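Asker: Note that the protein sequences, when read in sequence, are chains A and B. For the record, in the first sequence the residue sitting at position 279 is 279 according to full-length UniProt numbering, with numbers rising by one throughout. For the record, in the second sequence the residue sitting at position 337 is 337 according to full-length UniProt numbering, with numbers rising by one throughout. Please read through the structure below; I'll follow up with questions.
Number of protein chains: 2
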Amino acid sequence: MERTELNTLGEFGLIDRIKTKFNLQNTESVKGIGDDAAVIDIGNQYMLISTDMLLEGVHFDLSYAPLRHLGYKAVAVNVSDIAAMNGIAKSITVGIGLSNRISVEAVDEIYEGIKFACEDYKVDLIGGDTTSSRSGLVISITVTGVVDKDKVAYRSGAKVNDILCVTGDLGAAYFGLQILEREKQEYIANPSMQPDLEEKSYLVGKQLKPEARADIIHELAEVGVVPSAMIDISDGLASEILHLSTQSGVGALIFEDKLPIEDITMLTATEFNISPVTAALNGGEDYQLLFTVKQADFDKIKNISDITPIGYMTEDKAVELVLNSGAKASIQAQGWNHLQ
Amino acid sequence: MERTELNTLGEFGLIDRIKTKFNLQNTESVKGIGDDAAVIDIGNQYMLISTDMLLEGVHFDLSYAPLRHLGYKAVAVNVSDIAAMNGIAKSITVGIGLSNRISVEAVDEIYEGIKFACEDYKVDLIGGDTTSSRSGLVISITVTGVVDKDKVAYRSGAKVNDILCVTGDLGAAYFGLQILEREKQEYIANPSMQPDLEEKSYLVGKQLKPEARADIIHELAEVGVVPSAMIDISDGLASEILHLSTQSGVGALIFEDKLPIEDITMLTATEFNISPVTAALNGGEDYQLLFTVKQADFDKIKNISDITPIGYMTEDKAVELVLNSGAKASIQAQGWNHLQ
């Protein structure tokens, strides 16, 4: 039998392959694979549903990820997917696979983190599955949420001249990971070393305990703005802009000098000899929201702190970055086109 | 720090521990942890949601589980949880963790099985998560379904004198697993051996490709009967009767000579020197439905093929089996009180 290696497809290739095999047959199924969450018609509203799986050794390393933060993060990344549809998360189910290395106290820590996140995001834990695992720790969370039918934001709704905005700042989680990996290597070389992460706590915090921008969804609702398109930044700004552009059938132009990057991220980028723009574009795990609004709506949101306009959508299908030098660079979804 | 091993709690102990930490805060959350599926109020109906995770080396062995059957089974066991609430399954999300041992063709096989199940149960695949896995294959499915508010069947609704019924037959999946394990050992000892499973295909089929009894839910609806309580048999009849009894606050009396056990199961039980009643009580993975109906409703369902009355609920809290000898045995949830 023929054998094709998975890495020849990549994650998005695999998702496309799966998507072509399945058609929606139930009238309640409004939107299937291909957005941040699936959309189900429940009568007066849409229900949103999304799932994210975290595997030990792939998504986290127990040698530096505190279990409480891990539980929190597992919920936050799911809530982020609901926010990316302009929805409000309501409930989660938690599937957990536990190896015998994990004690009852360790499980308690994970669920404490889950509980903190449930309280922060006003989400109920309504069910799950607990099982033993022969390999590492597995946390699979499915989140449900709701959105008014006229307020759902798909990836595909961006129009030419819409303003492209991003929440928060970018690249910090990526450098948080680099720092944790470096400290781990130093600890392996010298176990008596005490890591001093205080100076970098902002970056490390963004990696270990990211927040979903549910707050922004409430702020947009308050000023009466529905994004024309939206996605959350899990794989990196570059990849997400390409998703918005491709699915909306428009191009995008963004500006280097508009990208929100914190001073500590800039500083650490120099230390690691990595371009901060590359980290912002391809680092991933920021869990910020990337969205477009009609120009007419921009005035209503421009005073919301933590929203930065970074460019606009174009008729030309190209997705380009205007560098500070004035030159233009084509944006590629480099860096994360593997199974992650 | 104190360290308590997980096996001192067991799966149900762990679930209880988690349950006590979490309260439901949203008005939409009708029923959380503790039944076959969670219940969310969506206006005119209830939405049901349940999740089941299958891990390589714990729930399946790729040396004998065909990938197509595995995909099918992963969906069926989830649909079974919706049926156990008297609901109709509507959609699934599939989280999948793939090690680099798995080829694209192997992934295709898994999704073909998932697709067959989606067609059989009229369920839409609406989303998921694909990721690499450092360890084995992980399949985590979350299913949603719907049920009319006045038709939902909880575990807790059984009343004294209600008749306890079971669908299909019991113990076959357990012996299917024993046969597969035996063949595997024989194959390891002598790789040129060709296994002849034809005679046992019924048992092996029940293990590798169980069906959810969604058909029974439609038949109950046709005759206008709502079970007073219901659960699906995943861990074994004994464990499930104890759940119904405990949560309903009643006892149960069942009769050995009423237990539906196929001839081939009986025959194979002799071969393995295991009591067929033990297999029916504790074997697990039958994915049949166990439910109670009011005596007044029994006449309406007695002509539905594949439903067998096996006893009734009692005022006395004891859960007992009346043996063919006339003696009574107390039913314990033995056999599966570990993380599974």
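Cβ coordinates follow ideal geometry from the N, Cα and C atoms, glycine included. The structure displayed is predicted, hence computed values, not measured ones.
Below 8 Å CB to CB, which residues in the same chain sit around residue 155 of chain A once its five sequence neighbours on both sides are set aside?
Answerer: 34, 35, 36, 229, 230, 231, 243, 244, 247 and 248
Asker: Give me the Cβ distance between residue 83 of chain B and residue 213 of chain B, rounded to the nearest whole Å; I'm assuming they're in contact under 8 Å.
Answerer: 5 Å
Asker: Going by the DSSP bridge assignment, what does residue 46 of chain B pair with across the sheet?
Answerer: Looking at the DSSP assignment, residue 46 of chain B forms a beta bridge with B:41 and B:147.
Asker: Considering only their Cβ atoms, is the gap separating residue 321 of chain A from residue 330 of chain A smaller than 9 Å?
Answerer: yes
Asker: Measure the CB-CB distance between residue 289 of chain A and residue 233 of chain A and report whether it falls below 9 Å.
Answerer: yes
Asker: For residue 251 of chain B, which of helix, strand or coil comes out of DSSP?
Answerer: strand
Asker: Assign residue 129 of chain B to one of three DSSP states: helix, strand, or coil.
Answerer: strand
Asker: So for residue 53 of chain A, helix, strand or coil by DSSP?
Answerer: strand
Asker: Here's the rule: buried if 16 or more other CB atoms are within 10 angstroms of the residue's CB, otherwise exposed. What is residue 296 of chain B?
Answerer: So residue 296 of chain B counts as exposed.
Asker: May I ask which residues mark the beginning and end of the alpha helix (DSSP H) holding residue 16 of chain A?
Answerer: The continuous alpha helix (DSSP H) containing residue 16 of chain A extends over residues 10 to 21.
Asker: Return the Cβ separation of residue 250 of chain A and residue 193 of chain A in integer angstroms, given the expectation that the two are a contact with Cβ distance under 8 Å.
Answerer: Contact flag wrong, Cβ pair sits at about 51 Å.
Asker: So residue 269 of chain B packs on residue 276 of chain B, CB below 8 Å; how close in whole Å?
Answerer: 4 Å
Asker: I'd like the list of long-range same chain contacts for residue 111 of chain A, defined as Cβ closer than 7 Å, with 5 residues on each side in sequence excluded.
Answerer: 71
Asker: With 9 Å set as the bound, which would you pick, yes or no: does the beta-carbon of residue 31 of chain B sit closer than that to a beta-carbon of chain A?
Answerer: yes
Asker: Mind checking the region 61 to 95 of chain B against chain A and listing, in chain order, the residues whose C-beta falls within less than 7 Å of any C-beta there?
Answerer: 90, 91, 93 and 95
Asker: State the Cα-Cα distance for the pair residue 305 of chain A and residue 222 of chain A, rounded to the nearest angstrom.
Answerer: 14 Å
Asker: Taking C-beta pairs closer than 8 Å, name the residues in chain B that residue 4 of chain A reaches, listed in chain order.
Answerer: 103, 104 and 105
Asker: As a quick exercise: from A:256, A:69, A:3 and A:164, pick the residue whose alpha carbon is nearest that of residue 327 of chain A.
Answerer: A:256
Asker: Would you give the residue range spanned by the beta strand (DSSP E) that residue 88 of chain B belongs to?
Answerer: 88 to 98
Asker: Taking only three categories from DSSP, how would you classify residue 338 of chain B?
Answerer: Low confidence applies to residue 338 of chain B: its pLDDT is 35, below 50, so where it sits in the model is not reliable enough to give any reading.
Asker: Where does residue 328 of chain A fall in DSSP's three states?
Answerer: strand
Asker: Examine chain B for any beta-carbon lying closer than 9 Å to the beta-carbon of residue 156 of chain A, and answer yes or no.
Answerer: no
Asker: Take residue 142 of chain B and list the residues in its own chain whose beta-carbon comes closer than 6 Å to its own, dropping the five residues that flank it on each side.
Answerer: 51 and 93
Asker: How do the region 170 to 179 of chain A and the region 204 to 213 of chain A stand: do at least 3 beta-carbon pairs fall below 8 Å, yes or no?
Answerer: yes
Asker: For residue 184 of chain A, which three-state DSSP category applies?
Answerer: helix
Asker: Report yes or no: is there a C-beta of chain B within less than 9 Å of the C-beta of residue 287 of chain A?
Answerer: So no, residue 287 of chain A is outside the interface.
Asker: Given a limit of 7 Å on CB to CB distance, which residues of the region 177 to 208 of chain A reach chain B?
Answerer: Of all residues in the region 177 to 208 of chain A, none places a beta-carbon less than 7 Å from a beta-carbon of chain B.
Asker: Mark residue 122 of chain A as exposed unless 16 or more other C-beta atoms lie within 10 angstroms of its C-beta, in which case mark it buried.
Answerer: That one is exposed.
Asker: Taking the DSSP output, what are the residues bridged to residue 140 of chain B?
Answerer: B:53 and B:95
Asker: For residue 320 of chain B, does the three-state DSSP call read helix, strand or coil?
Answerer: Shown here, residue 320 of chain B sits in a strand according to DSSP, grouped into three states.
Asker: Using the three-state DSSP reduction, which class does residue 103 of chain A fall into: helix, strand or coil?
Answerer: Residue 103 of chain A: strand per DSSP, three-state reduction.
Asker: Please report the residue range of the beta strand (DSSP E) in which residue 60 of chain A lies.
Answerer: Per DSSP, residue 60 of chain A belongs to no beta strand (DSSP E) and is neither H nor E.
Asker: Who are residue 309 of chain A's beta bridge partners in DSSP?
Answerer: A:165
Asker: Could you work out which residues of chain A lie near residue 58 of chain B, taking near to mean beta carbons separated by less than 8 Å?
Answerer: 97, 131, 132, 133 and 134
Asker: For residue 163 of chain B and residue 120 of chain B, what's the separation of their Cα atoms in angstroms?
Answerer: 30 Å
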